[in-house]
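Numbering (the numbering used here), first residue to last: 978 to 1751.
Beta carbons: idealized from backbone N, C-alpha and C, even for Gly.
Shown next, in structure tokens, is the structure this report addresses.
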């Protein structure tokens, strides 16, 4: 029998769970309604085999509790749960961590009794950090930079070896990485999105147990060699690297990122990291993975929830087997106590670690009601009562609709279309695919708007000229909708010359392109930790014979489209530095070698060997000649130029509130697209944003400096000219940031007032402004 519905009906519970501390006692509470007996084995330290004592918990309505002396604080414990387990069809004696654990031993096998309210766990000034948070006037002001904690400093020689790859690297004010983050913050990035930092599997928390490969040996191998990946993959499950999408305990900071995984060190250092990032102007987003768990069953060392209440936390199919569509062990937020655990965990991170946002992995596998309740619970937190302003916490995630939850198969899920009106963001894959071409699951040579579709063929069979032109015009429509925050009701002229809503433009298969109701619900991006980096994608999809200079310009063209779009822009760390993973399409376990970031700007990590065999071997015939060709590799000058161009486009975004409109109505009233219909100039997208000014009383004034902005994106390999009667006889000038830019090409952009003709160099984004009369 499957019992979750019965357990929810009879044993739903809203009282205390986990460990609670008073002046003279420590109490433990465990929800385990199917257990026959529960004991707490208390240990003085993390390694002694003999328990200090074994306490029997007492049960009331499915909740088991025990109260112990104050000196339990600082000790470790595990639960011994005697319970029937459906996987073995017998009563098992399971040993499990506390599902509400807030600390762990270095081996992850015991729960630490750590009081997060104790001054001993707080860095100096921690209680006042909420008053130091960077100002955030609106969610529309957010720009996100996605970063893996280990990537940030594992190879940074300006960081002491003891701190590399961990929390404390963010606290070093003069390291190369921190100096780079300061540049991004000063230009406009508001949030750093950290890949999973909770306790996950497949990286030992004890660094002495890691296996390593000598980088000096790897450096002498050829750029297209298979030897690097063979050496890396031989130890990949025993090194210090993994993205971390293998959840074991959601509410404990990962021990491998701490200088000492035992005791309260991981708590203190995580807090120091948040504090340091806030103090350089960056809020912190935590990547959360509530859609699955790494372990299951009564004996798996990574299993926790399935030991405590077997068969409850994991979603099952009609035959009683665990659903695995997310990877493994799908969780079931439609069950009351699963939803409660998720919300309690989120509140823990906001209150106890002052986290400023959450990115939900495979959010579509979580119920919409869970997401809405979670947002409401977080936004109800106040400084006066909770020490934090929950209303400033932003929530977004992957709203993909697949697996057993597809088409609301298990209830209304948190997919893209279901979230409209909630204020919860989701990733806009339509814009990504239109820009790059195809999808991450399609042919690697499929081209898109940025990568040369029709304009610079790469030899892949895209169909005849008419087919390619249709594909390009369709991509343009999708990008324009994305530039308007992917709003379902935004009206524009499509490639056929018809006025349509964003929701009436369809992707392949008949799904609407647009799905959001407000700009805060759209995360626009062109690359993320998944799949190839932006630079690698451009290198794969563009013709072999174009120059590295041209590829670098296309990299910037892509990031500029994201940066100047309405909605919330999202950038993968390294997009701004031409980051390469040597064409690895899935580097989650590819070690530091393929994931290296170089904040000295000396290298972008291109050509460090054929990427790991498991996910890339079928593409090695395409990858090998590219890596072997020295003309593909950028020089330091290219990396430096890319960084400067990225900072410039961020400065442009934050130079005017017109790039960050806060409502759907404001976008509909002010944003227009030109060069539309049948007679468009191929490869050019023209967007204007109008502010209130004399002679146009219908709009309020938002920008004190500019009354009109025109942005032209030219993906063509040649200079283009575009004229529009609607933009004739105005006083447009190139944006001041671009006039002062180190990019000499963009300075060749011109506007002729009598004809309304703009001229834009090849592969360039040009921004023109009309200054407000003083």
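Status (buried if at least 16 other CB within 10 Å, exposed otherwise) for residue i
i: residue 1300; result: buried
i: residue 1418; result: exposed
i: residue 1655; result: exposed
i: residue 1389; result: exposed
i: residue 1319; result: buried
i: residue 1357; result: exposed
i: residue 1510; result: buried
i: residue 1060; result: buried
i: residue 1238; result: buried
i: residue 1097; result: exposed
i: residue 1219; result: buried
i: residue 1457; result: buried
i: residue 1017; result: buried
i: residue 1386; result: exposed
i: residue 1715; result: buried
i: residue 1462; result: buried
i: residue 1268; result: buried
i: residue 1225; result: buried
i: residue 1514; result: buried
i: residue 1013; result: exposed
i: residue 1372; result: buried
i: residue 1031; result: exposed
Rounded C-alpha distance that separates residue i from residue j
i: residue 1168; j: residue 1546; result: 11 Å
i: residue 1174; j: residue 1047; result: 30 Å
i: residue 1216; j: residue 1189; result: 6 Å
i: residue 1230; j: residue 1080; result: 8 Å
i: residue 998; j: residue 1348; result: 29 Å
i: residue 1254; j: residue 1592; result: 34 Å
i: residue 1459; j: residue 1548; result: 15 Å
i: residue 1259; j: residue 1166; result: 7 Å
i: residue 1351; j: residue 1398; result: 15 Å
i: residue 1704; j: residue 1729; result: 10 Å
i: residue 1440; j: residue 1451; result: 15 Å
i: residue 1346; j: residue 1494; result: 18 Å
i: residue 1394; j: residue 1416; result: 19 Å
i: residue 1561; j: residue 1588; result: 5 Å
i: residue 1148; j: residue 1436; result: 49 Å
i: residue 1203; j: residue 1335; result: 38 Å
i: residue 1535; j: residue 1702; result: 28 Å
i: residue 1512; j: residue 1529; result: 8 Å
i: residue 1062; j: residue 983; result: 16 Å
i: residue 1002; j: residue 1044; result: 7 Å
i: residue 1110; j: residue 1353; result: 21 Å
i: residue 1734; j: residue 1201; result: 47 Å
i: residue 1186; j: residue 1082; result: 15 Å
i: residue 981; j: residue 1311; result: 10 Å
Proximal residues to residue i (C-beta, below 7 Å), its chain only, five neighbours per side dropped
i: residue 1616; result: 1554, 1555, 1578 and 1581
i: residue 1695; result: 1739
i: residue 1658; result: 1652, 1697 and 1699
i: residue 1564; result: 1558, 1571 and 1572
i: residue 1409; result: 1502 and 1503
Cutoff 8 Å: residue i Cβ touching any chain D Cβ
i: residue 1266; result: Included in the structure is just one protein chain, with no chain D present.
Other residues of its chain near residue i: CB distance less than 8 Å, five sequence neighbours each side excluded
i: residue 1647; result: 1635, 1638, 1666, 1667, 1668 and 1676
i: residue 1446; result: 1431 and 1659
i: residue 1422; result: 1435, 1436, 1437, 1517, 1518 and 1599
i: residue 1763; result: Absent from the structure is residue 1763, since the part of the chain shown begins at 978 and ends at 1751.
Chain-order list of residues whose beta-carbon lies under 6 Å from that of residue i (same chain, five-residue window excluded)
i: residue 1120; result: 1165, 1166, 1167 and 1546
i: residue 1033; result: 1016
i: residue 1633; result: 1680 and 1683
i: residue 1369; result: 1113
Cβ-Cβ separation, residue j to residue i (assumed contact under 8 Å), whole Å
i: residue 1687; j: residue 1745; result: 5 Å
i: residue 1405; j: residue 1532; result: Their Cβ separation, rounded to whole angstroms, is 19 Å, which puts residue 1405 and residue 1532 out of contact at 8 Å.
i: residue 1236; j: residue 1242; result: 6 Å
i: residue 1170; j: residue 1262; result: 4 Å
i: residue 1297; j: residue 1612; result: No, residue 1297 and residue 1612 are not in contact; Cβ-Cβ is about 59 Å, not under 8 Å.
Cβ-heavy atom distance, residue i to the ligand FMN, below 7 Å
i: residue 1373; result: The model depicted lacks the ligand FMN and carries no ligand whatsoever.
Unbroken stretches of the alpha helix (DSSP H), 4 residues or longer, contained in the segment 1683-1751: 1713-1716
Ordered list of alpha helix (DSSP H) runs contained in the segment 1305-1368, each at least 4 residues: Fully contained in the segment 1305-1368 are the following alpha helix (DSSP H) runs of length 4 or more, in chain order: 1313-1330, 1345-1356 and 1360-1363.
Length-filtered (4 minimum) alpha helix (DSSP H) runs lying within the segment 1619-1658: 1641-1647
Complete beta strand (DSSP E) runs within the segment 1530-1608 (minimum length 3 residues, chain order): 1545-1549
Entirely enclosed alpha helix (DSSP H) segments - the segment 1139-1199, minimum 4 residues: Counting only runs of at least 4 residues, the segment 1139-1199 fully encloses the following alpha helix (DSSP H) elements, listed from N- to C-terminal order: 1153-1164 and 1192-1196.
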